[in-house]
Amino acid sequence: MQAFELTQLAHELLVDYADFIDSEKFDDWLGLFSEDARYDVIPRENVEQGLRVSLILCSNKAQLRDRINALREANEYNLHYDRHLVSSVKAKMTEHGVVEISANYAVFQTNLEGQSKLFSVGRYQDLARLEKGRLVLFDKKVIVDTFSVPTLLATPL
Amino acid sequence: MQAFELTQLAHELLVDYADFIDSEKFDDWLGLFSEDARYDVIPRENVEQGLRVSLILCSNKAQLRDRINALREANEYNLHYDRHLVSSVKAKMTEHGVVEISANYAVFQTNLEGQSKLFSVGRYQDLARLEKGRLVLFDKKVIVDTFSVPTLLATPL
Amino acid sequence: MQAFELTQLAHELLVDYADFIDSEKFDDWLGLFSEDARYDVIPRENVEQGLRVSLILCSNKAQLRDRINALREANEYNLHYDRHLVSSVKAKMTEHGVVEISANYAVFQTNLEGQSKLFSVGRYQDLARLEKGRLVLFDKKVIVDTFSVPTLLATPL
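These protein sequence lines are chains E, U and V, in that order.
If you read the first sequence in the working numbering, its first letter stands for residue 91, the second for the next number, and so on.
If you read the second sequence in the working numbering, its first letter stands for residue 91, the second for the next number, and so on.
If you read the third sequence in the working numbering, its first letter stands for residue 91, the second for the next number, and so on.
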């Protein structure tokens with residue numbers, strides 16, 4: 091597989107990733123992860139200081155599924171729309187068939203009055219495997235620049 | 091045509107689309123549409139409730155041209171710069187040669203004092219046809235998350 | 091070289107460009123420029139009025155290196171994180187092997203309290219040469235929409 095094809099697959103993965111969150115298709119979103127997938131939201135400050143303290147950590151897909159169910163209930167009281175912008179997508183095939191993917195994101199939230207604001211910016215540092223022609227996430231790291239977010243728990247990033 | 095080539099053409103279309111608005115080349119912008127093109131700006135809320143009430147609806151290119159002329163006059167009193175960020179570009183060839191394109195956008199506006207702010211976020215859901223090696227828009231849907239925009243009429247999105 | 095390959099190389103250049111600033115790898119960032127490279131930050135207003143008055147102008151890489159050293163000292167007192175979103179990347183091979191690259195950017199800054207805000211939006215208009223399979227910048231123009239930025243000097247854009 092050529093480099094641009096791998097980048098294209100990573101681009102497609104992140105298009106779906108953002109779209110499934112923004113359109114609240116959380117079952118489809120879960121479908122992007124392997125059963126053993128980690129999902130980890132870490133403040134950038136901690137990463138740079140070598141601290142491995144997460145804001146959110148799911149060690150497998152069952153935990154991630156529980157979390158999504160909790161979010162669905164919470165979101166009945168926190169009505170808003172999400173919109174992801176994702177850029178700087180980079181993908182690299184490493185040893186053992188592991189694909190490293192990185193990208194920058196900004197998430198904007200819009201309230202019921204139709205007012206939008208910046209919600210979170212940060213970076214994805216993901217590991218995926220190629221399965222049947224598509225990339226499947228088995229380690230998703232969301233490194234958040236924005237960590238002072240009172241409603242952080244209301245949305246996957 | 092391979093999938094990545096179609097995505098590349100859609101990317102190029104949206105690069106021009108954003109650039110022509112941002113640099114106020116509205117004749118070039120109109121050139122991206124077919125004569126029978128619809129241009130539709132709809133609040134996301136309405137789309138999700140199945141309501142087809144548009145904020146702006148042009149049913150053909152003549153209407154779109156009229157609208158642009160009106161904007162040009164209005165913008166003499168509402169001086170600002172626009173800047174589009176567009177990501178998550180996806181393109182799919184469907185039946186009858188129709189190409190479905192989707193993407194997320196954020197538009198930032200800058201006033202005469204050089205201060206920038208978020209103006210609108212949302213999603214493009216477009217239909218285009220392949221003509222002489224490029225994509226021509228015949229149905230442009232701008233689904234706006236941000237609908238509480240007093241100056242909404244001042245800029246195509 | 092085909093058009094999509096050139097666009098891919100330009101994309102890779104701008105991914106590195108943004109990443110090296112955001113992660114403060116300024117030596118790597120300097121490595122993206124040729125020795126004779128110009129780096130120019132100009133308000134959009136000036137560009138559109140045909141005025142060539144820059145906010146920042148480095149006429150070669152030595153000047154750019156000096157500037158980076160100054161920034162490193164200044165940033166000890168202006169602690170923040172940068173995050174670039176870059177889209178609408180376009181690349182065109184012109185005569186004499188010069189590659190024209192354009193893109194839109196938004197930079198978000200996050201303070202020590204973890205609060206993020208929009209810092210600058212604008213456009214890159216760059217010239218590069220193809221050297222050993224990668225693009226090397228020899229003329230970087232950052233056309234800033236946002237020019238009322240008190241802390242402008244604290245970060246390369």
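Backbone N, C-alpha and C define an ideal beta-carbon position, used for all residues, glycine too.
So residue i and residue j are in contact, right, with Cβ under 8 angstroms, and what is the actual spacing, rounded?
i, j, result
"leucine 217 of chain E", "aspartate 229 of chain E", "4 angstroms"
"arginine 219 of chain U", "leucine 99 of chain U", "So it is not a contact: roughly 11 angstroms between Cβ atoms."
"alanine 196 of chain V", "phenylalanine 209 of chain U", "No, alanine 196 of chain V and phenylalanine 209 of chain U are not in contact; Cβ-Cβ is about 12 angstroms, not under 8 angstroms."
"serine 149 of chain V", "serine 177 of chain U", "With a Cβ gap of about 34 angstroms, serine 149 of chain V and serine 177 of chain U do not count as contacting."
"isoleucine 111 of chain V", "aspartate 172 of chain V", "6 angstroms"
"serine 238 of chain U", "glutamine 139 of chain E", "Serine 238 of chain U to glutamine 139 of chain E, Cβ: 40 angstroms. No contact."
"leucine 147 of chain E", "aspartate 130 of chain E", "5 angstroms"
Which chain E residues sit within Cβ distance under 9 angstroms of residue i?
i, result
"valine 105 of chain U", "Within chain E, no residue comes near valine 105 of chain U; the closest Cβ sits about 13 angstroms away, beyond 9 angstroms."
"serine 177 of chain V", "Leu175, Ser177"
Quick check on residue i - is its C-beta less than 9 angstroms from some C-beta in chain V?
i, result
"valine 205 of chain U", "The identity of residue 205 of chain U in the sequence shown is glutamine, whereas the question assumes valine. Yes, its Cβ sits closer than 9 angstroms to a Cβ of chain V."
"histidine 101 of chain U", "yes"
"phenylalanine 94 of chain U", "yes"
Quick one: list the residues of chain E neighbouring residue i, beta-carbon separation under 8 angstroms, in chain order.
i, result
"aspartate 235 of chain U", "Tyr171, Arg173, Phe198, Thr200, Gly204, Ser206"
"glycine 212 of chain U", "Arg173"
Alpha carbon to alpha carbon, what distance is there between residue j and residue i?
i, j, result
"leucine 161 of chain U", "glutamate 135 of chain U", "25 angstroms"
"asparagine 194 of chain V", "aspartate 117 of chain U", "21 angstroms"
"alanine 93 of chain E", "glutamate 102 of chain E", "14 angstroms"
"serine 144 of chain V", "arginine 128 of chain V", "12 angstroms"
"arginine 213 of chain E", "tyrosine 107 of chain E", "14 angstroms"
"proline 246 of chain U", "lysine 231 of chain U", "12 angstroms"
"lysine 179 of chain U", "glutamate 114 of chain E", "This sequence places valine at residue 179 of chain U; lysine is not what is there. Valine 179 of chain U and glutamate 114 of chain E: Cα-Cα distance of roughly 19 angstroms."
"alanine 227 of chain U", "serine 124 of chain U", "Note on identity: in this sequence residue 227 of chain U is leucine, with alanine being the wrong assignment. Taking the straight line joining both Cα atoms gives about 6 angstroms."
"phenylalanine 122 of chain U", "leucine 96 of chain V", "The question names phenylalanine, yet the displayed sequence has leucine at residue 122 of chain U. Whole-angstrom Cα-Cα distance: 23 angstroms."
"alanine 181 of chain U", "asparagine 165 of chain V", "43 angstroms"
"serine 192 of chain E", "glutamate 163 of chain U", "44 angstroms"
"glutamate 221 of chain U", "aspartate 109 of chain U", "21 angstroms"
"valine 137 of chain E", "valine 211 of chain E", "15 angstroms"
"methionine 183 of chain E", "methionine 91 of chain V", "23 angstroms"
"arginine 155 of chain V", "glutamate 185 of chain V", "29 angstroms"
"glutamate 190 of chain U", "isoleucine 233 of chain U", "15 angstroms"
"lysine 207 of chain V", "lysine 207 of chain U", "10 angstroms"
Looking at C-alpha atoms only, which residue of the options is the closest neighbour of residue i?
i, options, result
"valine 188 of chain V", "V:Tyr171, V:Asn201, V:Glu203, V:Gln215", "V:Gln215"
"histidine 174 of chain V", "V:Leu96, V:Met91, V:Glu95, V:Val105", "V:Val105"
"glutamate 203 of chain U", "U:Asn159, U:Ile111, U:Leu169, U:Ile132", "U:Leu169"
"aspartate 126 of chain U", "U:Met183, U:Val239, U:Ala152", "U:Ala152"
"tryptophan 119 of chain E", "E:His186, E:Ser192, E:Lys207, E:Ile158", "E:Ile158"
"tyrosine 167 of chain E", "E:Asn201, E:His186, E:Arg155", "E:Asn201"
Would you verify that the beta carbon of residue i is, or is not, closer than 9 angstroms to some beta carbon of chain U?
i, result
"aspartate 117 of chain E", "no"
"serine 192 of chain V", "yes"
"tyrosine 195 of chain V", "yes"
Is residue i close to the ligand GDP? I mean its beta-carbon at under 8 angstroms from any heavy atom of the ligand.
i, result
"valine 179 of chain U", "Because no ligand of any kind appears in the structure shown, any question about the ligand GDP cannot be addressed here."
Name the chain U residues that come within less than 7 angstroms of residue i, Cβ to Cβ?
i, result
"proline 246 of chain V", "Going along chain U, no residue has its Cβ under 7 angstroms from proline 246 of chain V, so there is no contact; the nearest lies around 18 angstroms."
Hey, does residue i have any beta-carbon neighbour from chain A nearer than 9 angstroms?
i, result
"aspartate 109 of chain V", "Here chain A cannot be found, since the structure's protein chains are E, U and V."
Under 7 angstroms Cβ-Cβ, which residues of chain V neighbour residue i?
i, result
"arginine 134 of chain E", "Tyr171"
"lysine 180 of chain E", "Val105"
Can you check whether the C-beta of residue i is within less than 9 angstroms of a C-beta belonging to chain E?
i, result
"asparagine 165 of chain U", "no"
"threonine 97 of chain U", "yes"
"aspartate 216 of chain V", "no"
"valine 239 of chain U", "yes"
"aspartate 112 of chain V", "yes"
What does residue i touch in chain U if you count any residue whose Cβ is under 8 angstroms from its own?
i, result
"serine 144 of chain V", "Neighbours of serine 144 of chain V on chain U: none; closest Cβ ~15 angstroms, over 8 angstroms."
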